[in-house]
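Counting from 596, one number per residue, gives the positions in the sequence shown under this note's numbering.
Every residue, glycine too, gets a C-beta built ideally from N, C-alpha and C.
From a predicted model like this one, the values you see are computed outputs, not experimental measurements.
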Amino acid sequence: MREAVTSARRIVVKIGSSSLTTATGGLDDARVDALVDTLGALRAAGREVVLVSSGAIAAGLAPLRLPRRPRDLATQQAAASVGQGLLIGRYATAFARHGHTVGQVLLTVDDVTRRAHYRNAYRTLRKLLDLRAVPIVNENDTVATDEIRFGDNDRLAALVAALVDADLLVLLSDVDALWTGDPTRPGSTRITEVHGEGDLAGVDVGGAGRAGVGTGGMVTKVEAARIATGFGIPVVLTAAPLAGAALAGEAVGTYFHPSARRPAARLFWLAHATAPRGRLHLDPGAVQAVVGRRKSLLPAGITAVDGAFTAGDPVDLVDAAGAPVARGLVNYDAVELPGLLGRSTSELAAALGPAYEREVVHRDDLVLL
């Protein structure tokens with residue numbers, strides 16, 4: 596038995612589109628009920644559950660008479676707007692059979708990278724758990740743009756696990772475990788445990804899932820496992836029909852061992868959930884201050900600015916060779932910064948007013964890469 600699984604009190608479970616729907620779109624009631632029966636039993640045992648569920652776009656295909664998952668963002672968003680209501684309604688009905696209430700939480704990258712939004716997301720999830728509800732999380736596909744998408748719900752699940760300080764992440768898909776190659780090919784073997792990167796050497800994680808209704812595949816699940824274990828959270832990867840056995844601690848699927856430490860959750864999000872909107876080039880002294888002494892970044896240490904960003908956006912801080920050394924949330928628009936470079940905050944405050952005495956990137960909004 597896997598003790599870390601059986602002792603976990605707060606569990607994030609992610610399930611993919613192919614495990615909930617048919618290949619042509621539409622929810623598979625039997626699959627939804629089987630998942631909810633398993634999670635309902637966990638709740639009855641006093642364990643907290645957060646469900647990260649794909650399936651909104653896939654569920655919206657049949658009602659909109661779409662033969663396959665659309666490629667363009669606008670049609671994906673239309674399908675998601677129809678399918679999300681169907682998905683959460685089906686979950687609400689299924690969990691009600693067990694006496695549990697569900698709460699829908701739709702997230703975008705901005706919701707968890709900007710400081711105030713991050714606190715709101717955390718408080719909402721925490722309060723739902725305190726009220727003994729089951730939060731059901733999905734990316735807000737109806738409003739997300741290509742530039743601010745998580746990209747797949749495996750990654751989102753790993754980040755949600757960090758956000759709620761989970762004890763365990765379970766990734767459910769249409770494959771029973773991580774294999775060394777395509778499990779249908781001779782010579783491929785199942786990997787039962789992963790202790791670190793060395794155990795993944797030579798593993799072919801392939802492409803997207805077989806059913807054709809999701810965005811992920813084994814590659815996104817392995818990356819999600821890397822993110823979660825880097826936050827100190829163990830991960831079990833297995834097929835949806837084996838969810839009950841996996842959550843009972845049986846040696847099914849693949850178990851990813853966690854690292855020993857947990858970094859600050861919001862900065863963990865900043866490192867893994869965001870794409871930089873620009874770059875700030877630092878002189879050697881600023882690199883030493885930011886990396887070596889964990890100081891805030893001031894205008895005096897910046898030599899050049901790339902990108903079109905606004906205050907609050909994530910930007911990469913790069914050294915003289917152009918290599919990223921940190922990522923942070925910038926306090927100025929890109930158009931403001933060129934006139935401030937190389938000048939001290941006291942000089943700027945005297946010339947332009949006290950508002951210009953602030954840091955370009957505060958150390959509380961900065962993570963080393």
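Three-state secondary structure assigned by DSSP to N926
Coil at N926, not helix or strand.
Can you have a look at V930 and say buried or exposed, based on whether 16 or more other CB atoms are within 10 angstroms of its CB?
V930 is classed as exposed because its beta carbon has fewer than 16 other beta carbons within 10 Å across all chains shown.
Does the stretch 840-851 come within contact of the stretch 860-874, defined as at least 3 CB pairs closer than 8 angstroms?
no
Between the Cα of R692 and those of A639, A654 and Q671, spot the shortest distance and give me the residue it belongs to.
The candidate whose alpha carbon is nearest that of R692 is A639.
Work out the CA separation of S768 and D777 for me, nearest whole Å.
15 angstroms
Opposing strand residues paired with K609 [DSSP bridges]
V647 and L766
Reduced DSSP category for L757 - H, G, I as helix; E, B as strand; rest coil:
Looking at the sequence shown, residue 757 is not Leu but Ala. Here A757 sits in helix by DSSP.
Buried or exposed for T787, going by 16 or more other Cβ atoms inside 10 Å?
exposed
Strictly by DSSP, which residues pair up with G902?
G873
First and last residue of the beta strand (DSSP E) that includes Y850?
T849 to F851
Contact the stretch 895-905 vs the stretch 870-878: 3+ CB pairs below 8 angstroms:
yes
Starting from the Cα of D760, find the closest Cα among D747, T824, V704 and G793 and give me that residue.
T824
As a quick exercise: from L637, G848 and V627, pick the residue whose alpha carbon is nearest that of L681.
V627
Excluding five sequence neighbours on each side, which residues of the same chain lie with their C-beta closer than 7 angstroms to the C-beta of V687?
Contrary to the premise, residue 687 reads as Ala rather than Val in this sequence. Same-chain partners within the cutoff: V697.
Pick from A796, L837 and A835 that is closest to V817, judged by C-alpha positions
A796
What is the residue span of the alpha helix (DSSP H) that T601 lies within?
E598 to T601
Please identify the residue among L893, V882 and L702 whose C-alpha is closest to the C-alpha of Y927.
L893
Beta-ladder partner(s) of N733, from DSSP:
L701
Opposite T833 in the DSSP bridges: which residues?
DSSP, once it has assigned bridges, lists L767 as partnering T833.
Can you tell me which residues form a DSSP beta bridge with A921?
L912 and L963
How would you call K609, buried or exposed, if buried means at least 16 neighbouring beta carbons within 10 angstroms?
buried
With 16 as the cutoff for other CB atoms within 10 Å, does D762 come out buried or exposed?
buried
Which stretch, first to last residue, makes up the alpha helix (DSSP H) that contains D667?
That residue, D667, is in no alpha helix (DSSP H); it is neither H nor E in DSSP.
What does a CB cutoff of less than 7 angstroms around L981 pick up in its chain, not counting 5 residues either side in sequence?
For residue 981 there is no data in the structure shown, the boundaries of the chain being 596 and 964.
Check each candidate in Q671, A756, A915 and E942 and name the one with the smallest Cα separation from R857.
A756
Would you kindly check if the distance between the Cβ of V962 and the Cβ of A906 is under 8 angstroms?
no
So what's I743 in DSSP terms, helix, strand or just coil?
The predicted position of I743 is uncertain, since its pLDDT is 44 and thus under 50; a value taken from the coordinates is nonetheless stated next. In this structure, I743 counts as helix in the three-state DSSP scheme.
Apart from the five residues on each side of it in sequence, which residues of its chain come closer than 8 angstroms, Cβ to Cβ, to A937?
According to the sequence as given, residue 937 is Gly; it is not Ala. Within the same chain, G937 has close Cβ partners P894, A895, I897 and T898.
Where DSSP assigns a beta bridge to R785, which residues make up the other side?
W774
Taking DSSP as the reference, what is the three-state secondary structure of V955?
Here V955 sits in coil by DSSP.
Does the beta-carbon distance from D749 to A819 come in below 8 angstroms?
yes
Presumed contact (8 angstroms Cβ cut-off) between I731 and S648, rounded CB distance
6 angstroms
Assess contact between the stretch 642-662 and the stretch 720-731, defined as three or more Cβ pairs (one per stretch) separated by less than 8 angstroms. Is contact present?
yes
Give the DSSP-derived three-state secondary structure of T688 in the structure shown.
Helix, per DSSP.
Proximity to L758 [Cα-Cα], best of W774, G793, E734 and F826
Distance from the Cα of L758 is smallest, within the candidate group W774, G793, E734 and F826, for F826.
Look at the Cβ atom of L766, then the Cβ atom of L832, and state whether they are nearer than 8 angstroms.
yes
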